[in-house]
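Only one structure is covered here, and it is reproduced in the block below.
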């Protein structure tokens, strides 16, 4: 048996809508098999993973909290990936944004003003953008592979944060715990609605995603991103500069990752500590692809991936399986999404070779 | 044993996984496929090697398990990118994310367990050479394999007919296909070789480097291996040199700490990553040299026409 691909004359609209759903279904089936292998009942495990978190207000808020950074980062990454700039260091830009934003409440903790929070958010965005600016500069002017440099900078950012909270920024009254002082109340991102913890970060995420969707759909910049991503040569003929696009997409995605970082520490954690992200920057890559690199799709994908975090915590408690299950789920999901996307461009045919019959597609 | 010998020994131990993983990736990339999943294959190799060693008591079974696991895991990448022509960058990332998750899941019961270290094989006579003997001829099997593989890959790529075909595919898959070379089949084999080498590198981590299982124990080495391939401009000998250079950098933090140099440990730990960035800059800033060295079809999908 052999699998053959036949290029479609036009990309299939049907499959470009269906493929994420097929991928989701396959992931859930694979997840059920995984739970069965772990000796748990697949139906009750999947129920507490995917359905239960949707049934009470507390976990809905948790989903919004976790979806916010995923959507913010994923939407920015979609612009990068559409323009063929492979920024995979969003995790580092998230941390850089958190550190830069935290300068105000940690270093100038005696300064109380309503300007604190806006300044933090701006610093966060600048921090993330500057950190993404390093691989952007290296790619645009030194011809260096942005995949590797942006990823290496993640490790460096993590170590730098670790040093900060154990060294110069450690709180004087935290009994040697590696944390900074708690942010003052005016440095805390307010909650959105009274019913729970979800903060303004979620609103930022929705605004950013919708804004980017409008940019991609209705502006020349959006067209430029698409053209340069599909063919740099065609873009050059149209007078678009791929160097400027490197800068634009990387700084934009860095700024959004930085905003996500400072929103997370200001809204959810309330201080800096050695670990501030359960891998949001990497999960956002899955979000970007599951959302088909479309900012609106990314909102839905971000909510779903946030559900896998919350659901993962739920099964950890109810079925005592490890939290690694979440990572496995997320990895499987990306695999299925990427395989199903083949259906958009190609028809897939299974070719069975019978005795005496030559393979027809060999030439 | 003198202090210099002791330091060089640790450099060799730190360099071996880098050499192995990047050697596999070098062959994969020479065939025109960019597999960013090295980190994932490596960590899978590490956990399976550890588990198999615990189950059987023999680290040699562990090595085989690591190799087999890396090769099988890479097939997943091969199926998506070669058969389903999925985006290679994204699929490689998926492989890494999945590998880190699955290995954490598999390795859960082994956390904190003390492992079985792979014992060195002393080569008679040669091991008695002063200085060099203990360094090069009192090593474990994986070290010997890594050196043999560098020789072997170099011979294969530049002296054998199959290697010529593999390079032809990497430089122009269209022309190679027109000449009747099996592009997809060769690429599958190259991807699996890369996976097997990454799995072996992982086995080295959990059986030699630190004989235990720690979650995410590859700690970015898979990514450094990818950078090493660029550093070596896709040549095995340069890769060997680069691997040892990086091994030295990554081990320097431990020695600096032991000597009590007053630099925060985090900065020293960041050294290998910073060094990778700097090396990449130095290697790539000459755009023309990079273009000449890079396999021309690297990362481009191939669908046979009919």
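Chains as they are written, first to last, in full-length UniProt numbering: chain A, 1 to 363; chain B, 1 to 306.
Note that CB positions come from ideal geometry on N, CA and C, so glycine has one too.
query, result
"Contact with chain B by residue 390(A), beta-carbon distance below 7 Å", "Nothing in the structure corresponds to residue 390(A), since chain A is present only between 1 and 363."
"CB contact check: residue 152(A) to chain B, cutoff 7 Å", "yes"
"One or two residues paired with residue 4(A) in a DSSP bridge", "349(A)"
"Simplified DSSP assignment, three categories, for residue 365(A)", "As shown, chain A starts at 1 and ends at 363. That puts residue 365(A) outside it, with no answer to give."
"Short CB-CB distance (under 7 Å) between residue 324(A) and chain B", "yes"
"Rounded straight-line distance, which links the Cα of residue 126(B) to that of residue 20(B)", "24 Å"
"Under the three-state DSSP convention, the category residue 121(B) falls into", "strand"
"Min CB distance residue 142(A) to chain B below 7 Å", "yes"
"Residue 253(B) in three-state terms, based on DSSP", "helix"
"Proximal chain B residues relative to residue 130(A), where beta-carbon distance stays under 7 Å", "What residue 130(A) touches in chain B: nothing, since even the nearest Cβ is about 15 Å away."
"Test: residue 165(A) CB closer than 7 Å to a CB of chain B", "no"
"Local Cβ density within 10 Å of residue 7(A), reported as buried at 16 or more and exposed below that", "exposed"
"Residue-level contact to chain C via CB, residue 2(A), 7 Å cutoff", "Looking for chain C here will not work: the only protein chains present are A and B."
"Test: residue 8(A) CB closer than 7 Å to a CB of chain B", "no"
"Sequence-distant residues of its chain with Cβ nearer than 6 Å to residue 187(B) (five each side left out)", "31, 33, 82"
"Residue 293(B) - DSSP class collapsed to helix/strand/coil", "helix"
"Residue 143(A) (DSSP reduced to helix, strand or coil)", "coil"
"Buried/exposed call for residue 292(A), threshold 16 Cβ in 10 Å", "buried"
"Residue 152(A) and residue 53(B) closer than 7 Å at C-beta", "no"
"Coil, strand or helix - residue 213(B) by DSSP", "strand"
"C-beta neighbour in chain B for residue 335(A), strict 7 Å", "yes"
"For residue 199(A), the residue or residues it bridges with in DSSP", "191(A)"
"Nearest residue (CA-CA) to residue 162(A), options 147(A), 180(A), 39(A)", "180(A)"
"Validate contact between the stretch 146-153 of chain B and the stretch 233-240 of chain B using beta carbons, cut 8 Å, 3 pairs", "yes"
"Chain A contact residues for residue 223(B), given Cβ-Cβ distances below 8 Å", "148, 151, 152"
"Interface positions of the stretch 182-205 of chain B facing chain A (Cβ-Cβ less than 8 Å), listed along the chain", "none"
"Alpha carbon of residue 119(A) to alpha carbon of residue 269(A), nearest angstrom", "18 Å"
"Contact check, residue 385(A) vs residue 157(A), beta carbons under 7 Å", "Past the edges of chain A, shown from 1 to 363, lies residue 385(A), and the structure says nothing about it."
"Rounded separation between residue 302(A) and residue 70(A) - CA only", "5 Å"
"Min CB distance residue 339(A) to chain B below 7 Å", "yes"
"Residue 139(B) (DSSP reduced to helix, strand or coil)", "strand"
"Rounded C-alpha distance that separates residue 86(B) from residue 184(B)", "14 Å"
"Cβ pair count under 8 Å reaching 3, the stretch 280-300 of chain A against the stretch 326-339 of chain A", "yes"
"Which of helix, strand or coil DSSP assigns to residue 111(B)", "strand"
"Segment contact, 8 Å Cβ cut-off, at least three pairs: the stretch 143-150 of chain A with the stretch 279-294 of chain B", "yes"
"Collapsed DSSP secondary structure at residue 167(A) in the structure displayed", "coil"
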